[in-house]
Amino acid sequence: MHGFWWSVLVVGVVLVVGTAADGEERVTSLPCGTHTMLPGQRLTLQTPNFPSNYDENYRCQWEITCTTMETTTLRIACPSFQLESSTNCDADRLIVADHEARVVYCGTNSPSNRITINGWARFTFWSNLVEGTTARGFRCFVWCDDITTTSTTLTTTTSTTTEEECVCP
Ligand SMILES: [Ca+2]
């Protein structure tokens, strides 16, 4: 009796550790839409079904504002990023726009390490319906940093990034 429950416990622990170790555990994505965040907070943007392939013919837009916009920046890190590759990203794509630039990403070219000019950005993910090609998609984190506490924030960033880093096969 005791032996049986002990085995259940051990198997359970192994399963939990195994899931966490590959850095791809299921995490709830921020719903599409408009969101407000505060300095020091982090949001997670993911393609649907991640880490399984995303759907075709799908669109999701996240508009993120960190208050106060004028004294903050958004910092992006994507430990996992894989969209269908195409010329000019005509097929599936992630568009990241801030008040300075609008950049289109696809394949394994990701917005990682990008820092927006202020505390506002709009992320638009599109997948097309041509030839039914999808990929694993992405998991991106967005941090809001208060510009006035940059040195403190950078220390936090380094440790967090290492921790979240994905070793993809
Ligand atoms: Ca596609």
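Last residue of the sequence shown: 168 (numbering that gives the first Met the number 0), numbering continuous.
Quick reminder that beta carbons are idealized off the backbone N, C-alpha and C, glycines included.
Fill in: Residues that DSSP places opposite Y104 in a beta bridge
Answer is L93, bridged to Y104.
Discussion item. Tell me which residues pass a beta-carbon proximity test against ligand 1: closer than 6 Å to any heavy atom, given in chain order.
Written reply: Residues with their Cβ less than 6 Å from any non-hydrogen atom of ligand 1, running along the chain, are E55, E83, A90, D91, S126, N127, T132, T133.
Discussion item. So, under 8 Å CB-CB, G110 and C77 are touching, yes? Tell me the CB distance rounded to an integer number of Å.
Written reply: Before going further, note that residue 110 is Pro rather than Gly in the sequence given. Yes, P110 and C77 are in contact; Cβ-Cβ is about 6 Å, under 8 Å.
Worksheet item: Between the stretch 112-121 and the stretch 82-90, do at least 3 Cβ pairs fall closer than 8 Å?
Response: The stretch 112-121 and the stretch 82-90 do not touch, with fewer than 3 CB-CB distances between them shorter than 8 Å.
Worksheet item: Are the beta-carbon atoms of C143 and C65 separated by less than 8 Å?
Response: Against a cut-off of 8 Å, the Cβ pair of C65 and C143 comes out as a contact.
Discussion item. Tell me the residue span of the beta strand (DSSP E) that contains V26.
Written reply: Element bounds for V26: n/a, residue is neither H nor E.
Practice prompt. Could you check the C-alpha separation between F140 and I75 for me, to the nearest Å?
Written response: Going by the C-alpha atoms only, they are around 6 Å apart.
Worksheet item: When burial is assigned at 16 or more other CB atoms within 10 Å of the CB, is F124 buried or exposed?
Response: The residue in question, F124, is buried, as its Cβ has 16 or more Cβ neighbours within 10 Å.
Discussion item. Please tell me whether T133 and E62 are closer than 8 Å, where the distance is taken between their beta carbons.
Written reply: E62 sits away from T133, with the two beta carbons spaced by 8 Å or more.
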